[in-house]
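Colleague: This note's numbering puts the first residue of the sequence shown at 351, with every later residue one more than the last.
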Amino acid sequence: MERISSRKNSLCLRLRRLAADGKYRRETGCFLCDSPKLTAEALRWAADTVELVAAAPGLLPPGLPPGVRAVELTEDVMESVAPSKTPQGVLAVCRMRPAALPERLEGKRYVVLDGVQDPGNVGTILRTADAFWADGLFLVNGCADLYHPRTLRAGMGASFRCPVWTCGAEELAALLRRSGIPLYGAALREDTRDVREMDYTRAAAAIGSEGRGLSQQVLSLCDATVKIPMNDRCESLNAAAAAAALLWEMARG
351 MERISSRKNS
361 LCLRLRRLAA
371 DGKYRRETGC
381 FLCDSPKLTA
391 EALRWAADTV
401 ELVAAAPGLL
411 PPGLPPGVRA
421 VELTEDVMES
431 VAPSKTPQGV
441 LAVCRMRPAA
451 LPERLEGKRY
461 VVLDGVQDPG
471 NVGTILRTAD
481 AFWADGLFLV
491 NGCADLYHPR
501 TLRAGMGASF
511 RCPVWTCGAE
521 ELAALLRRSG
531 IPLYGAALRE
541 DTRDVREMDY
551 TRAAAAIGSE
561 GRGLSQQVLS
571 LCDATVKIPM
581 NDRCESLNAA
591 AAAAALLWEM
601 ARG
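1. Taking residue 490 as the reference, give the member of 556, 547 and 444 with the closest Cα.
2. For the alpha helix (DSSP H) that contains residue 538, what are its first and last residues?
3. Measuring CB to CB, does residue 293 end up less than 9 Å from residue 464?
4. Pick out whichever of 483, 520, 482 and 474 has its Cα sitting closest to the Cα of residue 498.
5. Are residue 501 and residue 472 touching if we call contact CB-CB under 9 Å?
6. If distances are taken between C-alpha atoms only, which option among 369, 384, 573 and 466 comes closest to residue 562?
7. Restricting to Cα atoms, I'd like to know which of 602, 383, 572 and 560 is closest to residue 496.
8. Take residue 583 and list the residues in its own chain whose beta-carbon comes closer than 7 Å to its own, dropping the five residues that flank it on each side.
9. Kindly provide the ranges of any alpha helix (DSSP H) runs that are 4 or more residues long and lie completely inside the segment 407-490, ordered along the chain.
10. What's the gap between the Cα of residue 547 and the Cα of residue 535?
11. Can you find the residues in the same chain that come closer than 7 Å, C-beta to C-beta, to residue 519, ignoring five residues on each side of it along the sequence?
12. Could you tell me the alpha carbon to alpha carbon distance between residue 422 and residue 386, rounded to whole angstroms?
13. State buried or exposed for residue 538, treating a residue as buried only when at least 16 other CB atoms are found within 10 Å of its CB.
14. Can you find the residues in the same chain that come closer than 7 Å, C-beta to C-beta, to residue 525, ignoring five residues on each side of it along the sequence?
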C-alpha cells in the first residue's frame, strides 16, 4: 500500500481540486466521496471507484475491487485534502455515471428542482426522494452541483441509488408530456389545491429555489399548483422540508 506524506504530491493536489472545483470535476469525470459511509455506499452500489485514500490502513474497507488504487495519507496530509472540517479518515475518487435523458419515463413519481442552489438542500431532497420511493430527480435552472462534497454528504449515498438528470425546463416538459406525467408545482396560483387532494398515481412535483420559489418558466409548465397547509403566521418552508412533505403525500397516494 502506497503511503504519502507530502501535501504537494500530485494526488493530493488532485483531491483538493476535486473537492473545490466543479469545472474540474466535469472535465475529469470524477468526484470525491468524503467519509467511510459514502465510500461504503459507492462500493456497495457499484460506483466506478478509482482510488481510495485513508489516514490509516485499517480504515480501508475489506475486499476492494480489482484495479482500485489504495493510498495511506499521513494525518496532517489528510486534514489538508479532506473537504470537511473534521475529516473522518477515508476519501474515495469515483467516476461520474453518464445520465442521458430517457426517451420516456416508466416510473410513477419524480421530483423537479428548479434553481435550488444550496448543496445541502439538494442532497437532502435526493435522500428524501430515495427514501419515499421516487423514481428519479430532475435538476433545472442552475441547481447545485450533484457532485459537490456537501451535496454528496447530505445525500448519504442516495446519489448512487436514485437516478438524477440535469436538463432544460422545456426539455423536461416535453419528456413529461410524452410520458403522460402531470407536473405539480409547489406555488400559489388560481388553480392551487391542497397537497392532500391531488392524484399522485403518476406525477412529478416541482420545488423552487430557497429565495424566489418556482421560476415563471417552470411555473408556466405546471399542470396544477399545490400548497402545503401550515400555520398562518409561517410564510413558507425550506426547500428540503417542502420536498419532504410533498414526497410523503405522493408516497401515500
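The beta-carbon is built from N, C-alpha and C at its ideal position, and this holds for glycine as well.
Modeller: By the coordinates alone:
1. Locating residue 490 in the sequence shown gives position 140, counting from the first residue. Looking only at 556, 547 and 444, the smallest Cα-Cα distance to residue 490 is reached by 556.
2. Reading the sequence shown from its first residue, position 188 is the one you call residue 538. Where residue 538 is concerned, there is no enclosing alpha helix (DSSP H), given that its DSSP letter is neither H nor E.
3. For the chain, the structure presents residues 351 to 603; residue 293 sits outside this window and is missing.
4. Counting from one through the sequence shown, the residue named residue 498 turns up at place 148. Here the closest residue by C-alpha is 474.
5. Translated into the one-based positions of the sequence shown, residue 501 becomes position 151. Translated into the one-based positions of the sequence shown, residue 472 becomes position 122. Yes, these two residues count as a Cβ contact at 9 Å.
6. The sequence position of residue 562 within the sequence shown is 212, counting from 1. Checking every option, the nearest Cα to that of residue 562 belongs to 466.
7. Looking up residue 496 in the sequence shown gives position 146. With distances taken between Cα atoms, residue 496 lies closest to 383.
8. Residue numbering aside, residue 583 sits at position 233 when the sequence shown is read from its first letter. Excluding sequence neighbours, residue 583 sits near nothing in its chain.
9. 425-431 and 469-481
10. Here residue 547 refers to the residue found at position 197 of the sequence shown. Here residue 535 refers to the residue found at position 185 of the sequence shown. Approximately 14 Å between the Cα atoms of the pair.
11. Position 169 of the sequence shown holds residue 519. Excluding sequence neighbours, residue 519 sits near 490, 491, 567, 568 and 571.
12. As a first step, residue 422 is located in the sequence shown; it is residue number 72 there, counting from the start. As a first step, residue 386 is located in the sequence shown; it is residue number 36 there, counting from the start. Their backbone Cα atoms lie some 14 Å apart in a straight line.
13. Residue 538 sits at position 188 when you count from the first residue of the sequence shown. Counting Cβ neighbours within 10 Å, residue 538 comes out exposed, since fewer than 16 surround it.
14. Here the question's residue 525 lines up with position 175 in the sequence shown. Within the same chain, residue 525 has close Cβ partners 451 and 455.
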